[in-house]
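Peer 1: Please read through the structure below; I'll follow up with questions.
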Amino acid sequence: MKFTPALTTALLIALTTAAPALPPRETIPTITIAVTNDLTGLSATATVPGDGIARNIPDLFHGTPIDNNGAFIATSAQLVHFEDKTRCFFQNVNWIINLNGRDATFVDLDGDRAVASPVYLNGFNLQCV
Numbered sequence: 001m002k003f004t005p006a007l008t009t010a011l012l013i014a015l016t017t018a019a020p021a022l023p024p025r026e027t028i029p030t031i032t033i034a035v036t037n038d039l040t041g042l043s044a045t046a047t048v049p050g051d052g053i054a055r056n057i058p059d060l061f062h063g064t065p066i067d068n069n070g071a072f073i074a075t076s077a078q079l080v081h082f083e084d085k086t087r088c089f090f091q092n093v094n095w096i097i098n099l100n101g102r103d104a105t106f107v108d109l110d111g112d113r114a115v116a117s118p119v120y121l122n123g124f125n126l127q128c129v
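To convert, note that position 27 of the sequence shown is 27 in the numbering used here; the numbers rise steadily by one, no gaps.
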């Protein structure tokens, strides 16, 4: 079969018009979370994309007020900028601390709201979607 310019043009037109339209791409939301040490009053925020990728706490909060010479110490966390459908969690192996944009925008990191016990966040990561 010999391709002529007319045949090539006709094929390109047919393929272009028959190609399915791509669905609109959803933008990835950005989420800002504040981590606070209620015993010292120090706090810091970090903004992460809601892409589900785990990010290390030391990488997010290096050089912030909660960085105590390489020890990242906090007692609570709060979603600051988020969407209603936001889901985030801190994880250190099997220790998971959940936050979400509907009914858990604040969390006491040690799980006891009556006592502000410091938690060392060095081994934790943060994931948001």
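Ideal Cβ placement from N, Cα and C applies to all residues, glycine included.
#1: What is the residue span of the alpha helix (DSSP H) that I57 lies within?
#2: Tell me the DSSP secondary structure of R87 in three-state form.
#3: How would you label F106, buried or exposed, when you count the other beta carbons within 10 angstroms and need 16 or more for buried?
#4: Residues in its own chain within less than 6 Å of F82 by CB, not counting five upstream and five downstream?
#5: Considering only residues of the same chain and omitting the five flanking positions on each side of N56, which have a CB-CB separation below 6 Å?
Peer 2: Taking the geometry as given:
#1: 57-61
#2: strand
#3: exposed
#4: I31, G101
#5: N125
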